[in-house]
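Trainee: Each residue of the sequence shown is one higher than the one before, counting from 7 in this note's numbering. We put the beta carbon where it would ideally sit given N, CA and C, even for glycine.
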Amino acid sequence: MRLLILSFFFLQGHLFAQDAAGHSQIDKWGLPLDVQQDIDNSWRDERTWALKLSPFHLAVGDLALYYEQRVGKHTSIEFGAGATISGVKGILQPAQPVIQPYYDYILPYEWPYQHVSDAGFLGAFEFRIYPIATTNSMRSLYIAPAVKYKRYNYGIRDYSGLLPNYKGNDQHYNSYLNCGFQFWPNRRCVIDVFLGAGLGYHTTAGAIQEYNYVNGNYEGYWRKTTSDELVFLLNTGVKLGIGGGHSTKKKEVVAD
Numbered sequence: 007m008r009l010l011i012l013s014f015f016f017l018q019g020h021l022f023a024q025d026a027a028g029h030s031q032i033d034k035w036g037l038p039l040d041v042q043q044d045i046d047n048s049w050r051d052e053r054t055w056a057l058k059l060s061p062f063h064l065a066v067g068d069l070a071l072y073y074e075q076r077v078g079k080h081t082s083i084e085f086g087a088g089a090t091i092s093g094v095k096g097i098l099q100p101a102q103p104v105i106q107p108y109y110d111y112i113l114p115y116e117w118p119y120q121h122v123s124d125a126g127f128l129g130a131f132e133f134r135i136y137p138i139a140t141t142n143s144m145r146s147l148y149i150a151p152a153v154k155y156k157r158y159n160y161g162i163r164d165y166s167g168l169l170p171n172y173k174g175n176d177q178h179y180n181s182y183l184n185c186g187f188q189f190w191p192n193r194r195c196v197i198d199v200f201l202g203a204g205l206g207y208h209t210t211a212g213a214i215q216e217y218n219y220v221n222g223n224y225e226g227y228w229r230k231t232t233s234d235e236l237v238f239l240l241n242t243g244v245k246l247g248i249g250g251g252h253s254t255k256k257k258e259v260v261a262d
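Here is the structure:
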């Protein structure tokens with residue numbers, strides 16, 4: 007008896023779902039084909055936010071989340087925040103006046119002592135313009151001026167172990183003009199491909215080993231060093247994430 011009752015309710019639910027789907031299709035009958043397609047794809051016009059991660063920047067020690075929010079018909083703003091890890095891909099060196107072709111990291115540099123990786127932080131802001139977008143959906147080609155601050159912290163350790171550890175840091179003040187293309191392969195997933203160029207002002211605070219000859223013995227110490235450089239930057243990558251939102255404009259479809 008119980009099985010019969012459960013089967014009855016299951017059948018009713020299944021028929022109701024089919025009936026609702028049927029009404030959804032019937033509601034579109036009599037409408038032009040292009041209007042029906044617009045109804046089916048209306049979710050594409052409702053993207054108002056996105057949360058993204060740039061996985062390729064992990065290769066150079068940048069781990070950050072980026073949040074994009076639509077603020078106008080063809081504009082949005084994006085904020086980024088996260089951590090930096092200084093011991094990845096040759097980050098541990100002072101700024102140098104070189105062209106940096108990938109992800110704002112600096113060419114390797116040989117030190118006579120050991121650098122110890124440490125965590126830092128980064129922050130970013132970007133204003134996006136979608137000049138050819140036909141909907142309020144944060145998709146297609148965009149142009150975006152952007153600024154980013156990154157701080158890489160690290161420890162400096164004497165190979166001999168005679169000197170205490172010393173703290174250093176490398177700070178990046180970067181500005182870019184990015185050009186990219188963002189698309190939504192489905193309702194929730196977003197892919198953001200970008201390429202840009204800009205200028206960066208980099209400062210380094212570190213130390214080097216020096217020795218004094220005192221009473222027949224050499225005494226070592228850390229001498230603080232600082233440097234600063236203006237560098238040309240190339241910025242490229244792919245951001246992957248999720249998004250959503252709803253259109254603020256109510257859609258109305260009228261049958262002919």
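Which of the three DSSP states, helix, strand or coil, is assigned to P170?
Mentor: coil
Trainee: Near T242, which residues of its chain fall below 6 angstroms by C-beta distance, leaving aside the five closest residues on each side in sequence?
Mentor: L201
Trainee: For D68 and T90, I'd like the C-alpha separation in whole angstroms.
Mentor: 5 angstroms
Trainee: Beta carbon of W228, beta carbon of Y172: below 7 angstroms?
Mentor: yes
Trainee: Assuming contact is defined by CB atoms lying nearer than 7 angstroms, are L239 and G204 in contact in what I supplied?
Mentor: yes
Trainee: Can you tell me whether G78 is buried or exposed? The criterion is at least 16 other CB atoms within 10 Å of its CB, across all chains shown.
Mentor: exposed
Trainee: V220 to L168, Cα distance in whole Å?
Mentor: Rounded to whole angstroms, the separation of the alpha carbons of L168 and V220 is 16 angstroms.
Trainee: Just verifying my parser: in three-state terms, what is the DSSP assignment at G250?
Mentor: The three-state reading of DSSP puts G250 in strand, counting E and B together.
Trainee: Spatial neighbours of Q24 within its chain, please: CB distance less than 6 angstroms, with the 5 preceding and 5 following residues excluded, ordered by chain position.
Mentor: A caution first: Q24 carries a pLDDT of 46, below 50, which makes its placement in the model too unreliable to give a value.
Trainee: Smallest Cα separation from C185: which of N192, A150 and T209?
Mentor: A150
Trainee: Just the C-alpha distance for D164 and Y224, rounded to the nearest angstrom, thanks.
Mentor: 15 angstroms
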